[in-house]
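Asks: Pasting a structure here, questions to come.
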Amino acid sequence: MPLSWRRLVGSAVPFPSHHLVQMFYLSRIEHTFRVPPSLLNLPIEEAIKGELEKLFLDKVIADLGLCVSVYDIKSIEGGFIFPSDGAATYTVVFRLIMFRPFVGEIIAAKVKESNATGLRLSIGFFDDIYIPAHLFPKPSSFKPDPNKKDKGTWEWEYDEEPYIIDGIDEIKFRVHNVSYPPIPIEQPKEAKPFAPMVITGSIDEDGLGPVSWWVDAEETKES
Amino acid sequence: MKILEANAGALTNYEVVDFLRSKGAAIDSTRVLAQVSPSEYKVYDYLVQTAACNQTREHINEFVDKCKIYGLAKAEVLNIINIRPTSIIDIYT
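Keeping their order, the protein sequence lines are chains A and B. Numbering-wise, full-length UniProt numbering puts 144 at position 144 of the first sequence, and it's gapless, one number per residue. Numbering-wise, full-length UniProt numbering puts 23 at position 23 of the second sequence, and it's gapless, one number per residue.
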């Protein structure tokens, strides 16, 4: 069932062209830390790189994003050993590759969970991506699964035809918001594990949602 | 920890894949020998499914040169490199 375009008006997403916007950025950081004495036999850059990876890899830095990799080391200073410490302390300036999608970016992800509040998507290395119910194309409805209590499928009704999000193909979504909730002091027992970085996405536009919804739209244009 | 420069440069997906590959990431079974951590591997696996995996530096340089005629903003060129639109609908979004 080919979909024709609902809103063909005008301009593409306005890119803020005065600065670059991308999914991955480099961030330059300075940090002072100890290198344990057990690593003294390694060449200095290797030991420092190893420690940096342990400290930052796969961790979220507020407002900078998720650290993906240590790109390079710009400078190493210090090497002093403080009294009663066996380890040397270094001040290192280095660059990290950060994953920080910008608002308005289009990303393709897989469905991880589908429940009454919306969808949860994953891109492998990051899975706190939520599409809340109000950012679905309208009208959409949720059909709860008779077997599982909270799960179910979402369905979009357009032109009298139902379009289902069945979790088989990838979902293209537009980044609506990236937030870094503060670390909670205490959490109730059944609460979800704390997510330091949460991406909220929208699929309420032409071209977004499961890839299969739009495959036929090309054919209608040509005929 | 001091943040000296929050945005020291944007990277195309291709550059991230290239960087991870130069560290030794690969799709086949030699991956266990590389010094690439599991979380970096997840990023590599995701990027390999996107347009970035088939690009080379020459292709990208060629593309940027050809785009100069159109006067696109740098951000738009970078995004086109990343998404590699194959249909009208991709360019629209």
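Where is the CB? At the ideal position from N, CA and C, for every residue including glycine.
Expressed to the nearest angstrom, what Euclidean distance is found between the alpha-carbon atoms of S37/B and K54/A?
Replies: Taking the first residue of the second sequence as position 1, residue 37/B is located at position 37. Taking the first residue of the first sequence as position 1, residue 54/A is located at position 54. One C-alpha to the other measures close to 10 Å.
Asks: When DSSP builds the beta bridges, which residues end up paired with F212/A?
Replies: Translated into the one-based positions of the first sequence, residue 212/A becomes position 212. Contrary to the premise, residue 212/A reads as Ser rather than Phe in this sequence. Paired residue(s): none; S212/A is not in a bridge.
Asks: Could you tell me the alpha carbon to alpha carbon distance between Y25/A and Y71/A, rounded to whole angstroms?
Replies: Here residue 25/A corresponds to residue number 25 of the first sequence, with the count starting at 1. Here residue 71/A corresponds to residue number 71 of the first sequence, with the count starting at 1. Whole-angstrom Cα-Cα distance: 10 Å.
Asks: Between the Cα of Y41/B and those of T50/B, G24/B, R57/B and T56/B, spot the shortest distance and give me the residue it belongs to.
Replies: Position 41 of the second sequence, counting from 1, holds the residue named residue 41/B. Nearest C-alpha to Y41/B: G24/B.
Asks: Rounded to whole angstroms, what is the Cα-Cα separation between P196/A and V60/A?
Replies: Start at 1 with the first residue of the first sequence, and residue 196/A comes out as number 196. Start at 1 with the first residue of the first sequence, and residue 60/A comes out as number 60. Going by the C-alpha atoms only, they are around 7 Å apart.
Asks: CA-CA distance, residue 306/A and K66/B?
Replies: What the structure shows of chain A is the stretch from 1 to 223, and residue 306/A is not part of that stretch, so it cannot be assessed.
Asks: What did DSSP end up calling S22/B once you bin it into helix, strand or coil?
Replies: Here the question's residue 22/B lines up with position 22 in the second sequence. Helix at S22/B.
Asks: Answer yes or no: does any C-beta atom of chain B fall closer than 7 Å to that of V178/A?
Replies: Here residue 178/A corresponds to residue number 178 of the first sequence, with the count starting at 1. No, no contact with chain B.
Asks: Got a sec, what are the start and stop residues for the alpha helix (DSSP H) H59/B sits in?
Replies: Indexing the second sequence from 1 puts residue 59/B at position 59. Start and end: R57 to C67.
Asks: On the DSSP letters alone, give me the boundaries of the alpha helix (DSSP H) that Y41/B sits inside.
Replies: Within the second sequence, the letter at position 41 stands for residue 41/B. Segment P38 to V48, the alpha helix (DSSP H) holding Y41/B.
Asks: With H, G and I counted as helix, E and B as strand and the rest as coil, what does DSSP make of P144/A?
Replies: Residue numbering aside, residue 144/A sits at position 144 when the first sequence is read from its first letter. Strand, per DSSP.
Asks: Quick one: what does DSSP say S122/A is sitting in, helix, strand or coil?
Replies: To locate residue 122/A, count along the first sequence from 1; it is residue 122. Strand at S122/A.
Asks: With respect to the beta strand (DSSP E) encompassing I3/B, which residues constitute its N-terminal and C-terminal limits?
Replies: On the second sequence, residue 3/B is found 3 positions in, with the first residue counted as 1. Start and end: K2 to E5.
Asks: State the beta-bridge partners of F94/A as determined by DSSP.
Replies: Position 94 of the first sequence, counted from the start, is the residue given in the question as residue 94/A. Note: F94/A sits in a beta bridge opposite I29/A and I73/A.
Asks: Which one or two residues does DSSP pair with L66/A in a beta bridge?
Replies: As a first step, residue 66/A is located in the first sequence; it is residue number 66 there, counting from the start. Paired residues: V60/A and F99/A.
Asks: Would you mind reading off the limits of the beta strand (DSSP E) that contains I203/A?
Replies: Locating residue 203/A in the first sequence gives position 203, counting from the first residue. Looking at the DSSP string, I203/A is not in any beta strand (DSSP E), and its letter there is neither H nor E.
Asks: For N177/A, is the classification buried or exposed, using 16 other Cβ atoms within 10 angstroms of its Cβ as the cut-off for buried?
Replies: Position 177 of the first sequence, counted from the start, is the residue given in the question as residue 177/A. So N177/A counts as exposed.
Asks: By the DSSP assignment, the beta strand (DSSP E) with H176/A in it spans what residues?
Replies: In the first sequence, counting from the first residue as 1, residue 176/A sits at position 176. Unbroken beta strand (DSSP E) run through H176/A: I171 to S179.
Asks: Figure out for me which residue from T153/A, T89/A and Q22/A has the closest Cα to the Cα of L40/A.
Replies: Locating residue 40/A in the first sequence gives position 40, counting from the first residue. When each option's Cα is compared against that of L40/A, the closest is T89/A.
Asks: For chain B, check one thing: does any of its Cβ atoms lie closer than 7 Å to the Cβ of Q22/A?
Replies: As a first step, residue 22/A is located in the first sequence; it is residue number 22 there, counting from the start. Output row for Q22/A: interface = yes.
Asks: Would a C-beta distance cut-off of 7 Å place P101/A and V175/A closer than the cut-off?
Replies: Locating residue 101/A in the first sequence gives position 101, counting from the first residue. Locating residue 175/A in the first sequence gives position 175, counting from the first residue. A contact, by the Cβ cut-off of 7 Å.
Asks: What does S39/B touch in chain A if you count any residue whose Cβ is under 8 Å from its own?
Replies: Counting from 1 along the second sequence, the entry for residue 39/B is found at position 39. Per Cβ cutoff of 8 Å: L57, D58, V68 and F125.
Asks: State the DSSP-derived secondary structure class of K13/B, mapped to helix, strand or coil.
Replies: Here residue 13/B refers to the residue found at position 13 when the second sequence is read from its first residue. Note that residue 13/B is Asn in the sequence shown here, rather than Lys. Here N13/B sits in helix by DSSP.
Asks: Can you tell me the Cα-Cα spacing of E30/A and D45/B, whole angstroms?
Replies: To locate residue 30/A, count along the first sequence from 1; it is residue 30. To locate residue 45/B, count along the second sequence from 1; it is residue 45. One C-alpha to the other measures close to 29 Å.
Asks: Just the chain A side, please: which residues come within less than 9 Å of F19/B by C-beta, in chain order?
Replies: Within the second sequence, numbered from 1, the residue matching residue 19/B stands at position 19. Residues of chain A passing the Cβ test: S69, Y71 and I97.
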